[in-house]
Amino acid sequence: MQEKEQDSGRYVRIGTTLYKIVRKPLLSGDSIEVRVPWNYETLRQDHSKDFISQIEKFDGFCSVPDHINYQRCIGTFLNQYEAIAYLPSDGDCPVTMEFLTHLFGEQLEMGLDYLQLLYCLIPK
């Protein structure tokens, strides 16, 4: 039996709602970070009274995709959009190009332009 993972103690307050940030296991064996609504009374039982004052506070959620200059916080809002874990690098990518050719066929150049726009697009 696996030992219970140590409590990360990561919480955020969005507006008046408290969330605990946890890693949710997936069938694939991976996990994703999710925000679970949490109860203030439970938090007080698990941590000291002073702990609540140390929790990050935001006015709300926003969704601002930006793959080049990602920001977790936009003003007083928490960005729900997640940063991409990988950075593009120079070099050949034959498997990716084969897949994109399969997807876009004769429209490969348009598909590559489209993907580049998606990656670089910065909404303003």
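Here this note's numbering = 1-based position in the sequence shown + 996. Ideal Cβ placement from N, Cα and C applies to all residues, glycine included. Source: prediction; values computed, not measured.
Taking a cut-off of 8 angstroms for Cβ pairs, the stretch 1072-1086 and the stretch 1052-1064 touch, as three or more such pairs fall below it.
Using a Cβ-Cβ distance cut-off of 8 angstroms, the stretch 1089-1107 and the stretch 1037-1044 are not in contact, since fewer than three pairs of beta carbons, one from each stretch, lie closer than that value. For Arg1009, the uninterrupted beta strand (DSSP E) run begins and ends at Tyr1007 to Ile1010, by DSSP.
Annotated three-state conformation of Tyr1015 is strand, per DSSP. Here DSSP, grouped into helix, strand and coil, assigns Ile1051 to coil. A Cβ-Cβ contact shorter than 9 angstroms links Leu1108 with Phe1100. Cβ-Cβ distances below 7 angstroms link Glu1029 to Ile1017 and Arg1019 in the same chain, with the five nearest sequence neighbours on each side left out; the list follows chain order.
Assigned with DSSP and collapsed to three states, Cys1069 falls in strand. From the listed residues Ile1051, Ile1064 and Pro1033, the smallest Cα separation to Tyr1082 is found for Ile1064. For Gly1107, the enclosing alpha helix (DSSP H) covers residues Leu1104 to Cys1116. Residue pairing for Cys1058: DSSP places it in a beta bridge opposite Asn1075.
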